[in-house]
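Letter by letter, the sequence shown follows residues 186 to 361 of the numbering used here.
These notes are about the structure you will find just below.
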Amino acid sequence: MKKSAFMLAFCIAAGAFAAEPYQDLPAEVKNAKIMKQFDGKMLGKYTNGKIAKDPVSSMEKSSIWVPKDQKLHKFPIPLGICNREINRTICRIYIKEAPADEKYHWYKIGTAVIAKRNVIYAADWSISINVNDIFQESGNNEYEVWASLKIQGPAYVKGSTKNNELALDRAVLIKK
186 MKKSAFMLAF CIAAGAFAAE PYQDLPAEVK NAKIMKQFDG KMLGKYTNGK IAKDPVSSME
246 KSSIWVPKDQ KLHKFPIPLG ICNREINRTI CRIYIKEAPA DEKYHWYKIG TAVIAKRNVI
306 YAADWSISIN VNDIFQESGN NEYEVWASLK IQGPAYVKGS TKNNELALDR AVLIKK
């Protein structure tokens, strides 16, 4: 085997030419020079949440909100980032309508200064993505925060025959 062919095979095996994990990033995010991507390995769930494979997601798993009380499924849907050290939301948006396709869509939460313990959450905090490992003890910890959320079911989409459900599958933080 020639040296160049060997090096190409080695680089491919080592993942040097691995495809970008998120092929559907918004234009504002795709061209960012410094970003960190979070996926199924960083998912969290609480009382009304579960971690499961969602066939609609390209990720291995999603954090899915499935409260027993269906009346909890309603607009507006809070989507934010919380500093867990002080238990305070530091940036949040409210989603007031759902895309009719009931698939994952990217939402810009805003710009936030990330602390040592942070989670991106939706609904009643039962579904989340842990973003702790982006914090730098000395340095600029200001990031633009994006999350991928699926909204489905008749509580959100008129005429839907799917179960009411919110699901987080990934997030992107862009250095400011």
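Note that CB positions come from ideal geometry on N, CA and C, so glycine has one too.
Everything numeric in this text was worked out from a predicted model, so none of it was measured.
Neighbourhood of residue i by C-beta, 8 Å cutoff - its chain only, sequence neighbours within 5 removed
i, result
"Gln208", "Ser243"
Residues of its chain near residue i, where Cβ-Cβ distance is below 6 Å and the 5 sequence neighbours each way are ignored
i, result
"Gln337", "Glu287, Lys347, Glu350"
"Ala300", "Asn268, Glu270"
"Gly344", "none"
Member of the options whose CA lies at the smallest distance from the CA of residue i
i, options, result
"Gln222", "Ala340, Ala352, Thr232, Ile314", "Ile314"
"Ile278", "Lys360, Ala332, Val357, Asp239", "Ala332"
"Val342", "Ile275, Arg355, Ala285", "Ala285"
"Asp254", "Ile319, Gly324, Asn233", "Asn233"
"Glu282", "Trp250, Lys259, Thr296", "Lys259"
Residue i vs residue j beta-carbon contact at 8 Å
i, j, result
"Val316", "Ile305", "yes"
"Asn303", "Ile262", "no"
Other residues of its chain near residue i: CB distance less than 7 Å, five sequence neighbours each side excluded
i, result
"Lys246", "Gly225, Leu228, Ile236, Ala237, Lys238"
"Lys218", "none"
Inter-residue CB distance, residue i and residue j (contact presumed, cutoff 8 Å)
i, j, result
"Val330", "Leu358", "6 Å"
"Ile280", "Tyr292", "7 Å"
CB contact below 8 Å: residue i versus chain B
i, result
"Ala285", "Judged by its chain identifiers, the structure shown contains no chain B, having just a single protein chain."
At 3 residues or longer, and completely inside the segment 227-263: list those beta strand (DSSP E) runs for me, N to C. 228-230, 234-237, 247-250
List in chain order: all unbroken beta strand (DSSP E) runs of 3+ residues lying wholly within the segment 316-357. 327-337
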